[in-house]
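Here's the structure, in C-alpha cells; my notes come after.
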Amino acid sequence: MDNDRSLMHTQGLSNRLQPTYQNGVKNFLDFAFKDTIPNTGAKKRCPCLKCRNYIDHDRETMWAHLFRVGMDPDYNPWIFHGEEQLDMGNMEMSEEEGDLFDDEDPLVSEEMVALVHDATNVVPENLNDRDEEDKDHAEIPDKFYRLMKDAEEELFSGCKTFSRLEFIVTLLHLKVSGHWPEKTFTLLLSVLHKAFNYDPKFPKSSHEAQKYTKDLGLNYVKIHACVNHCIFIERSMKMPIHALLVRSPDGKKVVVNLMIVSHFSESQGTSQRIPRIPRLVLRHFPLVPRLQRLFMSSKITKHMRWHKDRKRVDKDVLRHPSDSKAWEKLDDSFPGLAKDPRNVRLGLSTDGFNPGAHLGTKCSIWPVFLVPYNLPAWMCMTSPYIMLSLLIPGPKSPGNDIDVFLEPLIDEIQELWEVGVKTYDSHSRQNFNMKASLLWTMSDFPAYGNLSGWSTCGKLACPTCYKHTWHKRLKHGSKECFKGTRMFLEPDHRWRNDKKSFDGEKERRPPPIPLSGDEILEAFDGVPNVIFGKKRKRTDRYLFDQWKKLSIFFRLPYWSKLLIRHNLDVMHIEKNICDSILGTILDIPNKTKDTLKARKDFKEMNVHHNLIPIKIGDKYAIPRAPYQLTSIERRKVLEFLSKVKVPDGYSSNIARCASMEVGKISNMKSHYCHVFLQDLLKPAFQGILPKEVLEPLVELSLFFKQLCSKTLKIDVSEKMEKSIAITLCKLEKVFVPAFFDIMVHLPIHLANEAKIAGPILWSTFQSTWPMRPR
Numbered sequence: 000m001d002n003d004r005s006l007m008h009t010q011g012l013s014n015r016l017q018p019t020y021q022n023g024v025k026n027f028l029d030f031a032f033k034d035t036i037p038n039t040g041a042k043k044r045c046p047c048l049k050c051r052n053y054i055d056h057d058r059e060t061m062w063a064h065l066f067r068v069g070m071d072p073d074y075n076p077w078i079f080h081g082e083e084q085l086d087m088g089n090m091e092m093s094e095e096e097g098d099l100f101d102d103e104d105p106l107v108s109e110e111m112v113a114l115v116h117d118a119t120n121v122v123p124e125n126l127n128d129r130d131e132e133d134k135d136h137a138e139i140p141d142k143f144y145r146l147m148k149d150a151e152e153e154l155f156s157g158c159k160t161f162s163r164l165e166f167i168v169t170l171l172h173l174k175v176s177g178h179w180p181e182k183t184f185t186l187l188l189s190v191l192h193k194a195f196n197y198d199p200k201f202p203k204s205s206h207e208a209q210k211y212t213k214d215l216g217l218n219y220v221k222i223h224a225c226v227n228h229c230i231f232i233e234r235s236m237k238m239p240i241h242a243l244l245v246r247s248p249d250g251k252k253v254v255v256n257l258m259i260v261s262h263f264s265e266s267q268g269t270s271q272r273i274p275r276i277p278r279l280v281l282r283h284f285p286l287v288p289r290l291q292r293l294f295m296s297s298k299i300t301k302h303m304r305w306h307k308d309r310k311r312v313d314k315d316v317l318r319h320p321s322d323s324k325a326w327e328k329l330d331d332s333f334p335g336l337a338k339d340p341r342n343v344r345l346g347l348s349t350d351g352f353n354p355g356a357h358l359g360t361k362c363s364i365w366p367v368f369l370v371p372y373n374l375p376a377w378m379c380m381t382s383p384y385i386m387l388s389l390l391i392p393g394p395k396s397p398g399n400d401i402d403v404f405l406e407p408l409i410d411e412i413q414e415l416w417e418v419g420v421k422t423y424d425s426h427s428r429q430n431f432n433m434k435a436s437l438l439w440t441m442s443d444f445p446a447y448g449n450l451s452g453w454s455t456c457g458k459l460a461c462p463t464c465y466k467h468t469w470h471k472r473l474k475h476g477s478k479e480c481f482k483g484t485r486m487f488l489e490p491d492h493r494w495r496n497d498k499k500s501f502d503g504e505k506e507r508r509p510p511p512i513p514l515s516g517d518e519i520l521e522a523f524d525g526v527p528n529v530i531f532g533k534k535r536k537r538t539d540r541y542l543f544d545q546w547k548k549l550s551i552f553f554r555l556p557y558w559s560k561l562l563i564r565h566n567l568d569v570m571h572i573e574k575n576i577c578d579s580i581l582g583t584i585l586d587i588p589n590k591t592k593d594t595l596k597a598r599k600d601f602k603e604m605n606v607h608h609n610l611i612p613i614k615i616g617d618k619y620a621i622p623r624a625p626y627q628l629t630s631i632e633r634r635k636v637l638e639f640l641s642k643v644k645v646p647d648g649y650s651s652n653i654a655r656c657a658s659m660e661v662g663k664i665s666n667m668k669s670h671y672c673h674v675f676l677q678d679l680l681k682p683a684f685q686g687i688l689p690k691e692v693l694e695p696l697v698e699l700s701l702f703f704k705q706l707c708s709k710t711l712k713i714d715v716s717e718k719m720e721k722s723i724a725i726t727l728c729k730l731e732k733v734f735v736p737a738f739f740d741i742m743v744h745l746p747i748h749l750a751n752e753a754k755i756a757g758p759i760l761w762s763t764f765q766s767t768w769p770m771r772p773r
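All residue numbers for the sequence shown refer to numbering that gives the first Met the number 0, where the first residue is 0 and numbers rise by one.
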C-alpha cells in the first residue's frame, strides 16, 4: 500500500494518465468521503498542488483538480481526511525537492487541460470515476491521450514553463492576434526548429503547426453552395460537368463546387481532371455531439433536469422559459417529449455582422446560434452553453434565401425530434434516447422577416397584426405611417372617438388576433413555394399578401402547434426608438423625424393645425413644437450625458457619445440606447420638456424597464399590455406622423410575447446580446 501510494504521488507530477495514479486517486476519494452521504455535495480539503489542503471542494471538483494538477507529494499520511499520524522518518523529501514543488507551478496548466477536455468531449470524472460493469459508457478517444501526452511533455529537457502543446498553441495565438503573414510565421518556426536541435516533434512550418493542433479545433462540415444562394452541391453528387456551373451576374460561367471531375474533350478525344474551386462554403457545426457532451458531466446532467426538479413557489411569476405558456403548450401537445426532462429545448438566434467593419469592407457573415433552455437561469445564457451551429458566408446577406443555408440544421433538429440519439447519462450511468425540439427563434426585425417568410417592410410590415395592420402612406414624407394604436384600447375608451387629436377618423376596429401555425399552413395550402436564388427570374414580389415563402421551420412536425414561433429582439427595437427620440428632440440632422415634409403631413391628416407650416413667399415658417428644444436646453442635455458615470460593468462609457463642440449625440450603440432609454431618459429631460411630452416618454421608459426584468408576473404583463397602448396614443398626440414607423408600433406586442414566452431576458434581446460580436 505504501509503495502504491508513493508511486501515485510520483506519477501525479509526471504522468497522471497511468492507471496506477487513477486507481490511487479513486482509493483516496473513497477513503476521504467514506463518512459522507453520496450526491449531497459534501466538501473536504483538497490535496492538489493548487489547493494544498487549504480549500474545501466536493468530490467531483476534487477529482478534477487531482487530475489536472496532481496531488501534493508532501501530503502523506492523509491526516486531514481521517488517517492517523505515521512515522515520517522515511517519507521526508529533500530540501531541494521541497523547494521545487513549493516554488514552481506545475508544468501542465489548468487551462490547457480544460482545452483538451473541450476538444475531445472528455470530462475528467469520466476517466476513472465509473464502475467496470458500466457497459454503456463510451470509450475515451485515442486523441485525448495523445493530446494529454503532448500537454504534459516538456518543450525541451528541463523546461518547466511550457509544455510542447501549450507552446505551439501560444505561438498560433500570437500569429492570429498579431496578424502575422504565413511566410513570416513559417520563418519563425524554422528558426525555432533549428534552436531546438531539429526536434522532429516540433513543427517546421505554419501548415505543420496548424495540422499539429487540428484536433483542438471545432469539428465542422464544409458544404459547398451556389454563389447565387439557390442550392447546395454535395461532393457525392453524380452530375455532369455542366450541372456544376452557374451563371454569375456578369454572364460568365463560375465554378461553385470543389471536386475533381472528369471532363471529356471532344477535340482531343481524352479526359482530364479539373480542380473545382468553391465560391461559397457553408460551415456546419454538428449539434448532436455538442448536446451529448452536456450529459458527460454528472453535474451538468443534473442541471439539465433543473427545469423539472426545481420547486416552483409562485406559479404566477415567470422566471424561466419552462414557466411559460409556450413550454406548457408543447408539453401538452406532445406528452412523450415531456415524459423525459432530459429532452432538450432549444432557442435559435441569428444576425448578420461585418467582420471587417473597422477596415471599411462591405461583407456580411451570418452566424446561427443555439441555446439549451433546460439549464438553470444562471447558466443558460453563459458563453460555454451558447452553441455556434452554422456560419453562413458572405459577402452578400442570405436574405430570403436563408432557408437554403438552414437546411442542414433543420434536418438535424428534425431527426432529433423524430428518432433521437443514444446518449450516455453520467449521473444515472445509463444510456437514454435524447430528443430535442426548437421552441422559437430570436432575431432583429429584418432577420425576423427572413426567418418567418413574412415581409417586414411595406404597408403590412407588422407580422403580428398581419393584414389588419393600420397603415397610411404619407403624401409628403413618402413613407408608411403606423399610427393605429387606438384599436388596442378598451372598446369604450374615449380616445376611440377623438378624431381631432389622431388621424382624423374614429376607431371602431378590435385588436387583431395573431395567426396560428395551423392557419398559416392552411393559407399556404395549394400555393407553390418560392424558388430560392439571388438571380432567379422574378415574377411577383409576394406569393400572396406579404408572404414571400413558407418558412423552412414548418418542416418540423410541431412548429405549427407552437404558441409563438419568432420573437422580436427588444434591444433592436429600443435602439431604433431611442434614435428617433434623440434625433427628433435634439434636432440631429438626418436623424430627426420633424422635417418640413413631416409637418405638411399634418394638413393631409387634418390634425395639429397649430403645427402646420405657414408659407411666406417662397419659404415656410415652421411653428415651434412642444418637443423642440432651444440651444440652451439642448446644451444642458448634452452636458448631462457628457458627465454620466456608471458603475463598472454596467455599460460602456456613454459620455463619449455626447459632443459639446458639435452639439449632437452620435455613435449610440444598441446597449447604449438600452441603458439610456431605461435609466437616463428621465433625468436627461427632467425640467426641460413639457409635461405632455415628458410623461409618455417616461412611461415608455418604465415599460421597457419592467419588460426586461428577470422575473415577470402574469397580471403585471396584462397591465403592461393596456398601459403601452395608452402610452403610444399619448405619443401620437404629440409627435409628427413620420415619427411612427414600424419600430415604434412593435412595442404594442412585446408584453403579450413576454406573457407567452416568459421574461424577455430569455426570449429576445438578452438571448441575442451575448451572441453579438463585441
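Beta carbons are placed, not taken as given, at the ideal position from N, Cα and C, and that holds for glycine.
Tell me the DSSP secondary structure of residue i in three-state form.
| i | result |
| --- | --- |
| residue 55 | strand |
| residue 774 | The structure shown has nothing for residue 774, since the chain only spans 0 to 773. |
| residue 713 | helix |
| residue 240 | Residue confidence is low: residue 240 scores 36 on pLDDT, short of 50, so the model does not pin down where it sits. Its coordinate-derived value is still stated next. Helix. |
| residue 381 | coil |
| residue 375 | coil |
| residue 366 | strand |
| residue 200 | coil |
| residue 548 | coil |
| residue 724 | helix |
| residue 623 | coil |
| residue 249 | At residue 249, the pLDDT of 43 sits below 50, so the modelled position is not reliable; the number obtained from the coordinates is stated separately. Here residue 249 sits in coil by DSSP. |
| residue 494 | helix |
| residue 577 | helix |
| residue 618 | strand |
| residue 153 | strand |
| residue 179 | coil |
| residue 138 | Below a pLDDT of 50, predicted positions are generally treated as unreliable, and residue 138, at 48, falls in that range; the measurement from the model is reported next regardless. Note: residue 138 maps to coil in three-state DSSP. |
| residue 77 | coil |
| residue 408 | helix |
| residue 352 | strand |
| residue 386 | strand |
| residue 309 | coil |
| residue 523 | coil |
| residue 487 | helix |
| residue 162 | strand |
Less than 8 Å between the CB atoms is what I'm expecting for residue i and residue j, so what's the real figure, rounded?
| i | j | result |
| --- | --- | --- |
| residue 439 | residue 564 | 6 Å |
| residue 511 | residue 465 | 6 Å |
| residue 529 | residue 707 | Not really, about 36 Å apart at Cβ, beyond 8 Å. |
| residue 597 | residue 476 | 6 Å |
| residue 409 | residue 555 | 7 Å |
| residue 345 | residue 371 | 6 Å |
Determine which residues share a DSSP beta bridge with residue i and list them.
| i | result |
| --- | --- |
| residue 344 | 436 |
| residue 20 | Looking at the DSSP assignment, residue 20 forms no beta bridge with any residue, so it has no partner. |
| residue 281 | 222 |
| residue 429 | 424 |
| residue 479 | 472 |
| residue 566 | 441 |
| residue 316 | 712 |
| residue 45 | Its beta-bridge partners do not exist; DSSP assigns none. |
Report yes if the C-beta distance between residue i and residue j is below 8 Å; otherwise report no.
| i | j | result |
| --- | --- | --- |
| residue 676 | residue 700 | yes |
| residue 196 | residue 306 | no |
| residue 329 | residue 436 | yes |
| residue 578 | residue 627 | no |
| residue 387 | residue 284 | yes |
| residue 574 | residue 672 | yes |
| residue 736 | residue 498 | no |
| residue 494 | residue 507 | no |
| residue 449 | residue 398 | yes |
Contained alpha helix (DSSP H) runs [length at least 4] in the stretch 646-681, N- to C-terminal order: 669-674
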